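Student: One structure follows; several queries about it will come next.
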Amino acid sequence: TILNRRIDEEAERTRRAKRVSVDVKKIDVHKIRRRHSSEETADFLSIALNGKSNRDCIQDGCYVGKQFVPRTHVTMAFCDRLSRSATREKFGSVRGCKVKVLVTGFLWSETVAALAVEIAEKSSDGKYIPSPENSFSHATVWFAKGERASSANNLPRLVNSGEAKRVYFVAP
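Numbers 1050 to 1221, taken from my numbering, label the letters of the sequence shown in order.
This is the structure in C-alpha cells:
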C-alpha cells in the first residue's frame, strides 16, 4: 500500500519541536488496517476495541477511542538528538514535500500496534529524502492505557521473542 504524504512542517512551526516526521492521514491508516483484517489480526481488534464490536467503534472511517493515535506519522528524527541547524540542514530542503510511504506490514502486542513502513528515497518532485533515524520505520496506530506510543519501537524485538505478532503485506 502506498500513501503520498507531506513531510511534517511542525518542526518549523513550533519553537521546541519534538520530531521531524512524515504525516500520514489517520483515515488512510485505518483503511489499510481494515483492508488487511483477517483471522490472524482479529485478536488485535479484540484487545484494542476492548470487547466492543468493530461496527460500533468506527466513525467517519476511523476507529474511535482514546488509545488510537490521533495524529499518525512516521518519525524521521527526534529534534533533541540533533541541533536546530543540523535538523534544518538535514530536513529543511524537503519541508512540505510529498513522499511515498510503502506499508509493508502490521505488528501488534497486548500493549501497542503499528504499521511497518518504508519511506521513498526521493520526494514526488525528485528531492532526496534522508533515511529515518529509527531502526524500525513505522506509524504507531494504537497503544494501551498506561503505555506510550513510542513503545512501538520495540515491536520487532517482541515479534522475535514471540511476545508480539507480525503480518507481512504483499508489495503492490
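Just so it is clear, CB atoms sit at the ideal spot from N, CA and C, and this is done for glycine as well.
This structure is a prediction, so every number in the text was calculated from the model and none was measured.
Smallest Cα separation from Val1150: which of Arg1083, Arg1144, Gly1141 and Glu1170?
Tutor: Within the sequence shown, residue 1150 is the residue found at index 101, counting from 1. Considering only alpha carbons, the answer is Glu1170.
Student: Between Phe1093 and the rest of its own chain, which residues show a CB-CB distance below 7 angstroms, the 5 nearest in sequence each way excluded?
Tutor: Sequence index remark: in the sequence shown, residue 1093 carries index 44 (1-based). The answer, listed in chain order, is Trp1157 and Ala1162.
Student: In the structure shown, what three-state DSSP assignment does Ser1171 receive?
Tutor: Numbered from 1 along the sequence shown, position 122 holds the residue referred to as residue 1171. This sequence places Lys at residue 1171; Ser is not what is there. In this structure, Lys1171 counts as strand in the three-state DSSP scheme.
Student: What does the alpha-carbon distance come out to for the pair Pro1181 and Met1125?
Tutor: Reading the sequence shown from its first residue, position 132 is the one you call residue 1181. Reading the sequence shown from its first residue, position 76 is the one you call residue 1125. Computed Cα separation, rounded: 4 angstroms.
Student: Span of the beta strand (DSSP E) holding His1122?
Tutor: Numbered from its first residue, the sequence shown carries residue 1122 at position 73. From DSSP, the beta strand (DSSP E) with His1122 extends over His1122 to Phe1127.
Student: Is the distance from the Cβ of Ala1123 to the Cβ of Ile1178 below 8 angstroms?
Tutor: In the sequence shown, residue 1123 corresponds to position 74, counting from 1. In the sequence shown, residue 1178 corresponds to position 129, counting from 1. Looking at the sequence shown, residue 1123 is not Ala but Val. Taking 8 angstroms as the Cβ cut-off, Val1123 and Ile1178 do not qualify as a contacting pair.
Student: Rounded to a whole number of angstroms, what is the C-alpha to C-alpha distance between Asp1174 and Val1148?
Tutor: Reading the sequence shown from its first residue, position 125 is the one you call residue 1174. Reading the sequence shown from its first residue, position 99 is the one you call residue 1148. Cα to Cα, the separation comes out at about 9 angstroms.
Student: Does DSSP put His1187 in a helix, in a strand, or in coil?
Tutor: Locating residue 1187 in the sequence shown gives position 138, where the first residue counts as 1. Note: His1187 maps to strand in three-state DSSP.
Student: Thinking just about the alpha-carbon of each residue, which of Val1190, Thr1090, Ser1184 and Thr1136 is nearest to the one in Arg1206?
Tutor: Locating residue 1206 in the sequence shown gives position 157, counting from the first residue. Of the listed residues, the one whose Cα sits closest to Arg1206 is Ser1184.
Student: Just the Cα atoms here: how many angstroms apart are His1085 and Phe1127?
Tutor: In the sequence shown, counting from the first residue as 1, residue 1085 sits at position 36. In the sequence shown, counting from the first residue as 1, residue 1127 sits at position 78. Using only the alpha carbons, I get a separation of about 30 angstroms.
Student: What does Phe1140 pair with, by DSSP beta-bridge criteria?
Tutor: By 1-based counting over the sequence shown, the position of residue 1140 is 91. According to DSSP, Phe1140 bridges with nothing at all.
Student: Whole angstroms is fine: what's the gap from Arg1215's alpha carbon to Leu1164's?
Tutor: For the purposes of this step, residue 1215 is taken as the residue at position 166 of the sequence shown. For the purposes of this step, residue 1164 is taken as the residue at position 115 of the sequence shown. Rounded to the nearest angstrom, the two C-alpha atoms are 10 angstroms apart.
Student: Which residues bound the alpha helix (DSSP H) around Val1216?
Tutor: Here residue 1216 corresponds to residue number 167 of the sequence shown, with the count starting at 1. Looking at the DSSP string, Val1216 is not in any alpha helix (DSSP H); the run it does join, the beta strand (DSSP E), is Lys1214 to Tyr1217.
Student: Lys1176 and Gln1116 look like a contact to me (Cβ under 8 angstroms); what is the Cβ gap, rounded to whole Å?
Tutor: Walking along the sequence shown from the start, residue 1176 turns up at place 127. Walking along the sequence shown from the start, residue 1116 turns up at place 67. In fact, because the Cβ distance is near 35 angstroms, the residues do not count as touching under 8 angstroms.
Student: Drop a sphere of 10 angstroms on the beta-carbon of Ala1201, count the other beta-carbons inside from all chains shown, and report buried for 16 or more, exposed for fewer.
Tutor: Taking the sequence shown and counting its residues from 1, one reaches residue 1201 at position 152. Answer is buried; the Cβ neighbour count reaches 16.
Student: Can you check whether the CB of Val1073 is closer than 8 angstroms to the CB of Ala1188?
Tutor: Here the question's residue 1188 lines up with position 139 in the sequence shown. Here the question's residue 1073 lines up with position 24 in the sequence shown. In contact: Ala1188 and Val1073 (Cβ atoms closer than 8 angstroms).
Student: Does the Cβ-Cβ distance between Lys1075 and Pro1119 come in under 8 angstroms?
Tutor: Here residue 1075 refers to the residue found at position 26 when the sequence shown is read from its first residue. Here residue 1119 refers to the residue found at position 70 when the sequence shown is read from its first residue. A contact, by the Cβ cut-off of 8 angstroms.
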